[in-house]
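Numbering (UniProt numbering), first residue to last: 1 to 82.
Positions of the beta carbon are idealized from the N, C-alpha and C atoms, including for glycine.
Input: a single structure, listed below in structure tokens.
Okay, here's the thing in structure tokens:
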């Protein structure tokens, strides 16, 4: 495995990395590695795959949208007809 040394970092950036690592329960080195992996990981998921993955996390709609629109319309405009 390779090594990477980054010199000349702003002290605030180093401190932010350490704080982020602490929140994640990792060492600063492990957090640095995770950030690099996340930033440089090639995108292999297509838009359609991402959409399907997100759709699977969304609860199924049990009502027909036309019924919901009709109910809202009748509620909002029903009093004007009286």
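Two segments are said to touch when three or more pairs of C-beta atoms, one from each, lie closer than 8 angstroms; by this definition the segment 55-63 does not touch the segment 40-47. Note on residue 31: 16 or more other CB atoms within 10 angstroms of its CB, so buried under the neighbour-count rule.
For the set 11, 16, 71, 4, the Cα lying nearest the Cα of residue 36 is the one of 4.
Under the three-state reduction of DSSP output, residue 65 falls in the helix class.
Where residue 40 is concerned, the enclosing alpha helix (DSSP H) starts and stops at 28-40.
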